[in-house]
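If you read the first sequence in my numbering, its first letter stands for residue 309, the second for the next number, and so on.
Glycine included, C-beta positions come from ideal geometry on N, C-alpha and C.
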Amino acid sequence: MKYLLKNITKCLKQISFCRRLCSDVKSGSDSQRSSMVNVLSVAEKNDVAKNVANILGAGAVRVRNGLSPYNKCYEISVRHQTLGDCRMVMTSVCGHLFNYDFTSDHKKWWSCEPKSLFQAPIVQTCNDSNQRIKSTLEREAKRCQVLIIWTDCDREGENIGFEVITVCRAANPRLDIFRAHFSEITVPAINRAFNALNRPNKKVSDAVDVRQKLDLRLGAAFTRFLTLELQQMRPQMKDNKNIVSYGSCQFPTLGFVVDRFKQRENFVPQKFWSIDVHYKKDGINANFNWKRVRVFCEQSCLAVMTKVMDSPEAVVTHINTRRRSKWRPQPMDTVTFERSVSSKLKINAKKAMGIAEKLYTSGFISYPRTETNKFAPELNLTNYCQIQTASPIWGQFAQRVLTNGPNPRNGTKSDQAHPPIHPTKYAPNLSGDDKRIYELIVRHFLASLDKDAVGYETTIDICINEEFFSLSGLRIEEKNYLEIYIYDKWTDKEIPRFNQNERFIPDSIMMTDGQTTAPELLTEAQLIALMEKHGIGTDATHAEHIEKIKERHYITETPDRRLKPEGLGVGLVDGYDEIGYQMSKPNLRAALEKDLKDICDGIKNPDVVLMSQISEYEKVFNESIKHKTKLFEAVVRKL
DNA sequence: GCAAGGTC
309 MKYLLKNITK
319 CLKQISFCRR
329 LCSDVKSGSD
339 SQRSSMVNVL
349 SVAEKNDVAK
359 NVANILGAGA
369 VRVRNGLSPY
379 NKCYEISVRH
389 QTLGDCRMVM
399 TSVCGHLFNY
409 DFTSDHKKWW
419 SCEPKSLFQA
429 PIVQTCNDSN
439 QRIKSTLERE
449 AKRCQVLIIW
459 TDCDREGENI
469 GFEVITVCRA
479 ANPRLDIFRA
489 HFSEITVPAI
499 NRAFNALNRP
509 NKKVSDAVDV
519 RQKLDLRLGA
529 AFTRFLTLEL
539 QQMRPQMKDN
549 KNIVSYGSCQ
559 FPTLGFVVDR
569 FKQRENFVPQ
579 KFWSIDVHYK
589 KDGINANFNW
599 KRVRVFCEQS
609 CLAVMTKVMD
619 SPEAVVTHIN
629 TRRRSKWRPQ
639 PMDTVTFERS
649 VSSKLKINAK
659 KAMGIAEKLY
669 TSGFISYPRT
679 ETNKFAPELN
689 LTNYCQIQTA
699 SPIWGQFAQR
709 VLTNGPNPRN
719 GTKSDQAHPP
729 IHPTKYAPNL
739 SGDDKRIYEL
749 IVRHFLASLD
759 KDAVGYETTI
769 DICINEEFFS
779 LSGLRIEEKN
789 YLEIYIYDKW
799 TDKEIPRFNQ
809 NERFIPDSIM
819 MTDGQTTAPE
829 LLTEAQLIAL
839 MEKHGIGTDA
849 THAEHIEKIK
859 ERHYITETPD
869 RRLKPEGLGV
879 GLVDGYDEIG
889 YQMSKPNLRA
899 ALEKDLKDIC
909 DGIKNPDVVL
919 MSQISEYEKV
929 FNESIKHKTK
939 LFEAVVRKL
């Protein structure tokens, strides 16, 4: 009885404390607290927890192990303007804690009709390593009165936040829960976030739930259907590795590749005609280009040509010299890294990310998964430049950057967690692709801190019997960043000197012809750009989706590193196009994104969106079954 | 055996 009373009193105290806290935070008052508040803070990854704790604790941090090896607990003392003096434990998760899956009766491929996966029950599962993290959260939550969510400030982060909340609240229902909003890990940003706590946004988290459930149901239903049906038609495909999958990101990615391939296949070359004027002066060749560039009618070109030849004297009508800059690169984010590596080093994005990961864990470079393309003022760029002066290859350049003072051409993007990719240690003993990638990162880093290249472009306009032609030359004045960034080319183009109103008879005036050429197949760098533009996948997943559709034999890479669809890829796109559903077009995913945004904005109800999306796709699924002959004939035709 | 999204 005594024990019970004590507990009730404790509970009552807690309740009144929490109420007070709520109203205080809302009103922003600054009343005194008599006792310390125990606060649990949870970030999305260990790095963030560590850095935030360091800032809030002003360097006085006690570290102890959590139950998972990667997620430490950082203990600090910190004063909050309304909570008062806090004893804070800052820990982290590793992204999502839970994953959706079907229950055992629907997990086996032959256990049910694929169609039933649209309505089958799904449950949240937690794998072993996440189970350890979950246990840490439960243990810590029991000792606290306040929980602050410090996950990344994006949609997925909000959802991860609610996973944390679910776990912590189950362990301690009396927790008062807040959300910190920050866009970078700097002293002012973190202190501001800590003193302007909000409530977590359930709507944003709900939107992610809808995406997760939808992706699982659609992915599983269509993948099983496509795989099993094709195996029936083509028993030789019965190898277990021959999965024919559908995914809301895979299909549009495939669509881009097929689209370009078809543009190329269906391309009809067009003949065109043009006029070139050539004149050699002071031993320098000058080739003037026609202002009309080219025309697609031979007769009209001939007419102009005749007119020009009638009175072929040229008059210099205009001379213009202007200063041109070639911009140094912006600090490197993941997408820039993937695209650069793919186009400049000819190493594919997936492999490059693997190498970057390795360089990161070896301490040679900063964290490679970042959306940030500006250096925070706190980052000691001088130090990182200094380290590179040891190099016999770019050491001198690094020294010059130091002498001039690092001057980054900052972009505008920032995730809240990581700086742009930059070297952190000098690495003279690397070899092979590791070495080439490290070198690219160093050169990009130093280039982004140097000055733009400067040149002067001179344009000479001439007129020959009322037709205009022009010539331009370039004189590079200062190479600056180009000296280190060997991947950018900018070359001088020498032209003769002319004077205003100067007259001359060209050495030759020629009518030329040619024909338009088909667009090239996509490069990986271009595909990543398309995916980014249409919102297919995220920075962290672009390379994975491309790799996935290679693995599925939907596309392949040509010897000159272009992406070409295989028969299966074209067949799938055609098959769905033929039965009237453009499953490979990015607009389906875009429509979902719009719905998700409406859920976040409170315009749409998540359950309604989920139900209507499921029923839309169920319709497509039923039609696929109904027209499966047509669908698979289109596929098989291309195999 | 299936998706996409986090992160180690």
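- Three or more beta-carbon pairs drawn from the segment 478 to 487 and the segment 439 to 451 are found closer than 8 Å, and the two stretches are therefore classed as touching.
- Residue 790 is not a Cβ neighbour of residue 693, given a cutoff of 9 Å.
- When secondary structure is reduced to three states using DSSP, residue 731 falls in the strand class.
- Between the alpha carbons of residue 604 and residue 823 lies a gap of roughly 9 Å.
- Taken in chain order, the whole alpha helix (DSSP H) runs of length 4 or more contained in the segment 550 to 580 are 558 to 573.
- Judged by DSSP in its simplified three-state form, residue 771 adopts strand.
- DSSP, reduced to helix, strand and coil, places residue 717 outside both helices and strands of the structure shown, so it counts as coil.
- With 16 or more other CB atoms across the displayed protein chains lying within 10 angstroms of its CB, residue 891 is buried.
- Boundaries of the alpha helix (DSSP H) around residue 438: 436 to 450.
- Nearest in C-alpha terms to residue 377, of all of 369, 391, 400, 635, is 400.
- CA-to-CA, the gap between residue 778 and residue 590 works out to about 18 Å.
- In terms of Cα proximity to residue 414, the closest of 403, 430, 406, 402 is 430.
- From the listed residues 465, 473, 575, the smallest Cα separation to residue 827 is found for 575.
- The Cβ atoms of residue 922 and residue 427 sit closer than 9 Å to each other.
- Pairing residue 903 with residue 518 gives a Cβ-Cβ distance under 9 Å.
- Counting C-beta atoms within 10 angstroms of its own C-beta, residue 555 has 16 or more neighbours from the protein chains shown and is therefore classed as buried.
- For residue 393, the enclosing beta strand (DSSP E) has its first and last residue at 392 to 400.
- Per DSSP, the beta-bridge partners of residue 381 are 372.
- Contiguous alpha helix (DSSP H) elements confined to the segment 775 to 860 occur at 832 to 841, 850 to 859, taking only those with 4 or more residues.
- Taking C-beta atoms as the reference points, residue 808 and residue 673 fail to come closer than 9 Å.
- Per the C-alpha coordinates, the member of 511, 373, 425 positioned closest to residue 915 is 511.
- Shown here, residue 528 sits in a helix according to DSSP, grouped into three states.
- Put simply, of 831, 699, 385, 679 the residue whose alpha carbon is nearest the alpha carbon of residue 568 is 831.
- Between residue 587 and residue 717, the alpha-carbon positions lie close to 41 Å from each other.
- Residue 629 and residue 596 have their C-alpha atoms spaced approximately 16 Å apart.
- Residue 754 holds the alpha-carbon nearest to the alpha-carbon of residue 708 among 754, 493, 687, 884.
- In the DSSP annotation of this structure, the continuous segment of the beta strand (DSSP E) that includes residue 626 starts and ends at 622 to 634.
- Under DSSP, the beta-bridge partners assigned to residue 348 are 397, 455.
- As the crow flies, the alpha-carbon of residue 351 is around 26 Å from that of residue 524.
- Close CB contacts of residue 855 within its chain, under the 7 Å cut and outside five residues either way in sequence, are with 658 (chain order).
- In its chain, beyond the 5 residues on either side, 655, 660 have a beta carbon closer than 6 Å to the beta carbon of residue 649.
- For residue 916, the uninterrupted alpha helix (DSSP H) run begins and ends at 914 to 934, by DSSP.
- In this structure residue 405 is in contact with residue 434, their Cβ atoms being roughly 6 Å apart against a cut-off of 8 Å.
- Nearest in C-alpha terms to residue 770, of all of 598, 465, 535, is 598.
- Beta bridge pairing from DSSP links residue 588 with 593.
- In the DSSP assignment, residue 907 falls outside any beta strand (DSSP E) and lies within the alpha helix (DSSP H) extending over 895 to 908.
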